[in-house]
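Under the UniProt record's numbering, think of the first position of the sequence shown as 1, with each following residue one higher. Backbone N, C-alpha and C fix where the C-beta goes; we use that ideal spot for every residue, glycine too. Note that this is a predicted model, so its numbers are computed, not measured. Heads up, the thing below is written out as structure tokens.
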Amino acid sequence: MPQSADQIKDHIPLFKEPEYQEMFARKKAAFENCHADARVAEIADWTKSWDYREKNLAREALVVNPQKACQPLGALFAAAGFDGTLGYVHGSQGCAAYFRSHLSRHFKEASSVVSDSMTEDAAVFGGLNNMVEGLANAYTLYKPKMIAVCTTCMAEVIGDDLQAFIATAKQKGSVPEGFRVPYAHTPSFVGSHTTGYDNMMKGILSAFWEGKTRTPNESINIIPGFDGYSVGNVRELKRVLKLMDVDATILSDTSDVYDTPTDGEFRMYAGGTTEEEAIGALNAKATLSLSGGCTPQTLKYIEEQGQETVAFTYPMGLGATDDFLMTLSRLTGKPIPKDLAMERGRLVDAIADSMSWLHGKKFAVYGDPDFTYAMVRFLMEMGAEPTHVLCTNTTKKWEADIAELLASSPFGASAQVWPGRDLWHLRSILATEPADFLIGNSYGKYIEKDLGIPLIRLTFPIFDRHHHHRFPTMFYQGGLRVLVTILDKVFDHLDASSDISFDLTR
Ligand code: SF4
1 MPQSADQIKD HIPLFKEPEY QEMFARKKAA FENCHADARV AEIADWTKSW DYREKNLARE
61 ALVVNPQKAC QPLGALFAAA GFDGTLGYVH GSQGCAAYFR SHLSRHFKEA SSVVSDSMTE
121 DAAVFGGLNN MVEGLANAYT LYKPKMIAVC TTCMAEVIGD DLQAFIATAK QKGSVPEGFR
181 VPYAHTPSFV GSHTTGYDNM MKGILSAFWE GKTRTPNESI NIIPGFDGYS VGNVRELKRV
241 LKLMDVDATI LSDTSDVYDT PTDGEFRMYA GGTTEEEAIG ALNAKATLSL SGGCTPQTLK
301 YIEEQGQETV AFTYPMGLGA TDDFLMTLSR LTGKPIPKDL AMERGRLVDA IADSMSWLHG
361 KKFAVYGDPD FTYAMVRFLM EMGAEPTHVL CTNTTKKWEA DIAELLASSP FGASAQVWPG
421 RDLWHLRSIL ATEPADFLIG NSYGKYIEKD LGIPLIRLTF PIFDRHHHHR FPTMFYQGGL
481 RVLVTILDKV FDHLDASSDI SFDLTR
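See below:
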């Protein structure tokens, strides 16, 4: 074998060894049943043509690499932000493995979720027995303070009734009668992870607030929303709140559970919104959602309790942070402190320093509705041109909002918006009408390799780079981080592209 204990080879030089190369060639010839390389290249070229693009954009019955995940993923993320809460999947074990691996690969952190492993018999007779046994096992083995139940496609197709199942399980003694088991039906054939987040958040708040009378006070609640940068962003939010001297309750704080230290102790549960905070949140004056696309039903429910609600679209960059801070100031009566004004000025200064390198650069952006909206807004603040904006899990509201945003700046004049499209569409679009850079998640790396358009990773999921989620992208400090991330890629690309401008100083 080319690998040996005396000389450990990394995987690239290892797989270039003749032994492996011969094995790959034998496998290709014997099992892969390939077309000739020339024919493959010919078809690959054709898939970059206008002719193929028209066929691809006419596609209706197939989705290829959609920029969304299914509802339970968002539901489990929302549940993970509450103290001592165990996410519970009523349905297939494989689905739970997908949710856990998706979160673990992004956060590089264990993601604890259980499943009641419905199989063929449950698919025929219903999953009540699975729920009765599953809740008992989860409660006994993992000792949570709360179990938050969501469903997979299978449980939804056969119509399992979570409310009735949980009530029966409590009657049978699976968990104590007073133990909280909030739930959310999360059918994955509609909506996306953002819908699942919304459904679970509403389910959890209902479990804490039902039967209680609201006694209004002056406090504020903040819901972060589904955010792959939640570790950095929630910590940055707390710092901003401290500077503002605002005492706010964060509803679903995932900043600790997805960032536990290595110190010899395994923490199945870490941090999160406590029971006392969640119950007390009913009395708040207002609830702010940092990601309104993740919380429409939740905010409606909160309004019905008598609170004012305000929905933001991921406060990243200058204007979006201004909007958030001014709303916070209005609601609390607290002025925006000098420190934050200085941070704003520094971000303006940094943008002004670098604007000439971004002016006129064309960007394609893809991802969730709120992320794409925020990214487009910030790009235009920096003098860049968003030329393609693609969102799979879109809404009519997003389409109207993004059209209005693009119309508000000359930098948006050449933008094309692609609602409901997937990454295979984006490949065709960029092959025929290229952008200079691509902004999205790790899935765009195939387009980067195929079309040579550099990818800037700035949203969930990021599987192939490490630790981005530890740094904020929101507010003024997060804006600096985003600016630097974009600039680094622009300069790296410039240095690699040509000797004409291979300069020491930029
Ligand atoms: S789409 Fe349905 S089957 Fe697939 S992982 Fe999600 S819940 Fe499971």
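Item: If I'm right that K361 touches V181 with Cβ under 8 Å, what's the distance once you round it to whole angstroms?; Value: Not quite, the Cβ-Cβ distance comes to about 51 Å (not below 8 Å), so this is no contact.
Item: Since E385 sits in a beta bridge, which residues does DSSP pair it with?; Value: K362
Item: Give me, in chain order, the residues of the same chain whose beta-carbon lies closer than 8 Å to that of I166; leave out the 5 immediate sequence neighbours on both sides.; Value: M131, L135, V149, V181 and Y183
Item: Straight-line CA distance for R506 to D495?; Value: 11 Å
Item: Specify, as a first and last residue, the run of the beta strand (DSSP E) that G87 falls within.; Value: T85 to H90
Item: Suppose only complete runs of 3+ residues qualify. What are the beta strand (DSSP E) ranges in the stretch 86–141, listed by chain order?; Value: 113–115
Item: So T213 packs on C294, CB below 8 Å; how close in whole Å?; Value: That pair is no contact at about 28 Å.
Item: Pick out whichever of V246, S414 and E399 has its Cα sitting closest to the Cα of A364.; Value: S414
Item: What are the boundary residues of the alpha helix (DSSP H) that includes S329?; Value: L318 to T332
Item: Is the beta carbon of K202 less than 8 Å from the beta carbon of H466?; Value: no
Item: Under three-state DSSP, which class holds Y432?; Value: Before going on, a small fix: residue 432 reads as Thr here, not Tyr. T432: helix per DSSP, three-state reduction.
Item: Can you check whether the CB of M118 is closer than 8 Å to the CB of M154?; Value: yes
Item: Where does E308 sit, in a helix, a strand or coil, going by DSSP?; Value: strand
Item: Hey, how far is the Cα of T152 from the Cα of A69?; Value: 12 Å
Item: Would the beta-carbon of residue 558 fall within 8 Å of that of T332?; Value: Nothing about residue 558 can be read from this structure; the chain reaches only from 1 to 506.
Item: Could you give the distance in angstroms between the alpha-carbon of G317 and the alpha-carbon of G232?; Value: 15 Å
Item: Do G84 and P144 count as a contact pair if the criterion is CB distance below 8 Å?; Value: yes
Item: Would you please verify whether the beta carbon of A407 is less than 8 Å from any beta carbon of chain B?; Value: Judged by its chain identifiers, the structure shown contains no chain B, having just a single protein chain.
Item: Is it the case that the CB of S115 approaches a heavy atom of the ligand PLP more closely than 7 Å?; Value: What this structure holds is the ligand SF4, not the ligand PLP.
Item: In three-state terms, what does DSSP make of C391?; Value: strand
Item: How big is the Cα-Cα spacing for K172 and A311?; Value: 41 Å
Item: From T47, D116, F411 and V40, pick the residue whose C-alpha is nearest to that of L358; which is it?; Value: F411
Item: Could you name the residues that DSSP lists as bridge partners for P419?; Value: C391
Item: Considering just the uninterrupted stretch of the beta strand (DSSP E) at residue 519, what are its terminal residues?; Value: It is not possible to answer for residue 519, since the shown part of the chain is limited to 1 through 506.
Item: Beta-carbon separation of N441 and G383 under 8 Å?; Value: no
Item: Based on the DSSP output, what are the partners of S289 in its beta bridges?; Value: I223 and A311
Item: Could you check what DSSP says for G440 in three-state terms: helix, strand or coil?; Value: strand
Item: Per DSSP, which one or two residues make a beta bridge with A248?; Value: I220
Item: Report yes if the C-beta distance between residue 540 and G271 is below 8 Å; otherwise report no.; Value: Since the first residue of the chain shown is 1 and the last is 506, residue 540 is not available in this structure.
Item: Per DSSP, which residues does T254 bridge with? Please list them.; Value: According to DSSP, which records beta bridges pairwise, T254 is partnered with nothing at all.
Item: Going by CA-CA distance only, name the one from T140, L325, V89 and S112 that's closest to G127.; Value: V89
Item: Have a look at T485 and I456 and give me their C-alpha separation to the nearest angstrom.; Value: 7 Å
Item: Can you tell me whether P176 is buried or exposed? The criterion is at least 16 other CB atoms within 10 Å of its CB, across all chains shown.; Value: exposed
Item: Answer yes or no: the CB of P472 versus the heavy atoms of the ligand SF4, is any distance below 7 Å?; Value: no
Item: Secondary structure at L504, three-state DSSP: helix, strand or coil?; Value: coil
Item: Within the stretch 175–234, note down every full alpha helix (DSSP H) run reaching 4 residues or more, in order along the chain.; Value: 193–209
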